[in-house]
Amino acid sequence: MARILPWIIGAALVVLPFIYHSPYPLHIMVLVLLWSFVYTSWSVMGRFGLVSLGHGGFMGVGAYGTALLWNHLGLSPWLGIPIAVAAAVLLALVVAYPCFRFRITGHYFALVTLALSAIVLQVITATRDLTGGSLGYTPERVRGGSSLLAFQFTDKETWYLIALAVWMGGLWVRHAVDKSMLRYALEAIAEDEDAAAAAGVHVTWEKLKITVLSAAMTGLAGALYCQYQMFISPDTVSGISVSLQMVFAVVVGGLYVLMGPTIGAIITILLAEVLRIGFGTGAIGFDNLIYGALLVIFIIFLPYGIVGSIQARFAGVRS
Amino acid sequence: MADIFDIYLLEAIISGLLFGGVLALLALGLNLVFGVIDVVWICYAEMIMLGMYAMYYLFAVYHLPFVIAAVISVAGIGVLGVLLHIVVIQPLLDAAPINQLLATGGVLFFMQSAATVVFGIDFRNLGIRLPVLAIGELPISYARLLAFGVALVCMVAVYLFLAKTYIGTAIRAIAQDRHIMPLMGVDNRRVYLVTSAVGGGLAGLAACLLVLQYDVHPFIGLSFGPLIFMVCVLGGLGNMIGGFIASFIFAEIISVGGLYLDLEWGYVFAFCFFIAMMFARPQGLLARRS
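So the protein sequences, as listed, match chains E and Z.
Just add 71 to the spot in the first sequence (first one is 1) and you have the working numbering.
Just add 360 to the spot in the second sequence (first one is 1) and you have the working numbering.
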């Protein structure tokens, strides 16, 4: 039963948009799936103690890269997304390689990557002639609304399926990393870098691999988010708030379990929506107020997150 | 043409110098807390933001004299620092450093949105304009000059506090070896509380000075928070002299860089410089790496 359960849920999720067409719940589900993918991407490296606060930067590069290439050069997102993802990867390499080479870890890694997301945010704001600055940016709509070439779709069902596919892809990547040698190497590095190096692990190279993977996924997520929302602003796709939001959702859901980031996304997005509907504009700030308090409480009392703690309770190990 | 250009450059350099003084004050409290408790308060800039609101309400709404309002704000944020330590940091003292960092990140969210909920998102200011000093053709903001002066005085005061008082000596000793000192009869808990209070108080003081120059709004912390961390990291976290020097380097890069392009580019240059320096001079950082 436990083996086939994921397949049943997966199949149900795929069939859903063909029998259910209510736009608002579908919109929420697309958001949940896209953000789940973002959070999963972050957790791919975050779970090995590589706490990056620069993922907002990668997401911003993915989103703005795709939109800028489309608006200014007329380049289809089918080409634009890979280029934007490559740019995010390049950015990750430029910052991460020296970090790992010079053994900048823990606090320092978090703060250097924090500088990275601050840089991306400031560059987007500074190049306001090109990017619209803090007012945000909109990819030009094609006539008729939907176009495969322009990667623009007006119906929620298509987007639901796309988001579902990348989310499943994200889970698969994380699962594949779990099963690979890379995981053992990175766990050893997280325990003790010097010991891992002495045991023959190429520390810099292994860390770089996981960083590139994580940055590429986050860049892709940014590009898809941009294509779905058709509006991006520096505050929603880049900068420190987004980076902290990723960390927050993952910690709440559970960093060390596969579904943790997804649960984190469900909780955070539903909470925000419930507050928004319940209190209207009076609720501005309420969601973050609760997130912030929860984050502190979780880190103090439930460092393995909701899913992780439930699992630990059932398994009776490492609580 | 060349003359006009030079006077702008000089103005930028001086304004960078004054900004550097304020930045040094901002970095001082964070550095003290890190050096002693070994915790990064990611929410430090938000504490300054709350201090600015305290100033706004005490001075502009309840019409207290500026100095009294400032004293209350400094004390209030000092108490906030102690609360932060007791509620959030103390339970996590033995946790992974990154958990402490993330927990204070949660506090950042909390303070920011608490400010949004309670104070709203309007920009507020004290409604006082300090005169602008003109030296020759150079306009120098009196508010900045005051901030610079107070920042310097505070740094000397903190130095004297650490060097001359008994508790200051204990703080320095703890910073050097936090495991041995309890065996020597130093009460760790008390030293941490005093440090948190002083760190918070410095944030409150910075708030009193910043509120003279900037409007306060719930997200103002995000605009200079990253800068403070980078100054501290560049100087070597916990290294107050390093932080002091780094403040002026950063402020000059932002000010002079912002002169030729937009101010945002000044920040971009400063942040790029920060990342480059992290790679070029990791030694200072490696020495403190656990």
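In this text, a Cβ means the ideal position worked out from N, Cα and C, and glycines have one as well.
Predicted model, so just to flag it, every value in this text is computed and none were measured.
Less than 9 Å separates the beta-carbon of Pro457(Z) from that of Val400(Z). Distance from the CA of Leu452(Z) to the CA of Leu150(E), rounded to the nearest whole angstrom, comes to 47 Å. The criterion of a C-beta distance shorter than 9 Å is satisfied by Ala167(E) and Lys278(E). Residues of the stretch 510-528 of chain Z whose Cβ lies closer than 8 Å to any Cβ of chain E: none. In this structure, Ile488(Z) lies near Leu572(Z), with their beta-carbon atoms less than 9 Å apart.
Among the residues of the stretch 128-153 of chain E, none has a Cβ less than 7 Å away from any Cβ of chain Z. Where Thr307(E) is concerned, the enclosing alpha helix (DSSP H) starts and stops at Pro305 to Val308. Under the 9 Å criterion on CB atoms, Ser473(Z) is classed as interfacial with respect to chain E. Between the stretch 385-401 of chain Z and the stretch 614-628 of chain Z, the count of C-beta pairs closer than 8 Å stays below three; the two stretches do not touch. Val492(Z) has Ser501(Z) as its beta-bridge partners, per DSSP. Here the alpha carbon of Gln536(Z) sits roughly 52 Å from the alpha carbon of Val101(E). Buried is the label assigned to Lys227(E), since at least 16 other Cβ atoms lie within 10 Å of its Cβ. With respect to the 9 Å criterion, Leu418(Z) and Gly560(Z) are not classified as neighbours on the basis of their beta carbons.
Uninterrupted alpha helix (DSSP H) stretches at least 4 residues long and entirely within the stretch 345-375 of chain E occur at 357-372, given in chain order. Against chain Z, a Cβ distance below 7 Å from Thr196(E) picks out Glu624. Residue state for Val248(E) is assigned as helix, using DSSP reduced to three classes. In the same chain as Ala475(Z), and ignoring 5 residues on each side of it, the C-beta atoms closer than 6 Å to its own belong to Pro578, in chain order. Taking C-beta atoms under 8 Å as the contact rule, Phe129(E) and Gly290(E) qualify, at a distance of about 5 Å. Residue environment analysis places Pro499(Z) among the exposed positions, since fewer than 16 neighbouring C-beta atoms fall within 10 angstroms of its C-beta. Judged by pairs of C-beta atoms under 8 Å, the stretch 116-130 of chain E touches the stretch 184-195 of chain E, as three or more such pairs exist. Taking C-beta atoms as the reference points, Ala611(Z) and Gly389(Z) fail to come closer than 9 Å. Uninterrupted alpha helix (DSSP H) stretches at least 4 residues long and entirely within the stretch 278-331 of chain E occur at 305-308 and 310-324, given in chain order. Taking 4 residues as the minimum length, the alpha helix (DSSP H) runs contained wholly in the stretch 156-220 of chain E are 177-197 and 199-202, in order along the chain.
The CB of Phe357(E) comes closer than 9 Å to the CB of Ser473, Thr476 and Val477 in chain Z, given here in chain order.
For the options Phe426(Z), Gln450(Z), Ala463(Z) and Val467(Z), the alpha carbon positioned closest to that of Tyr552(Z) is the one of Gln450(Z). Around the beta-carbon of Trp113(E), 16 or more other beta-carbon atoms lie within 10 Å, marking it buried.
If you check each beta-carbon in the stretch 598-620 of chain Z against every beta-carbon of chain E, none falls closer than 8 Å. Rounded to whole angstroms, Arg199(E) and Ile152(E) show a C-alpha spacing of 22 Å. With the criterion set as a beta carbon lying under 8 Å from some beta carbon of chain Z, the members of the stretch 91-123 of chain E are Gly120 and Val122, in sequence order. Put simply, the CB of Leu383(Z) is far from chain E, with every gap to its CB atoms at 9 Å or more. The Cβ of Tyr362(E) sits closer than 9 Å to at least one Cβ of chain Z. Excluding the 5 residues flanking it on each side, Val393(Z) has same chain C-beta neighbours closer than 7 Å at Val399, Trp401, Thr555, Ser556 and Gly559, in chain order. The alpha-carbon of Ile446(Z) is positioned some 10 Å away from that of Arg549(Z). DSSP places Gln536(Z) in the helix class (H, G or I) of the three-state scheme.
Counting along the chain, the unbroken alpha helix (DSSP H) around Asn459(Z) starts and ends at Pro457 to Phe479. Judged by DSSP in its simplified three-state form, Val431(Z) adopts helix.
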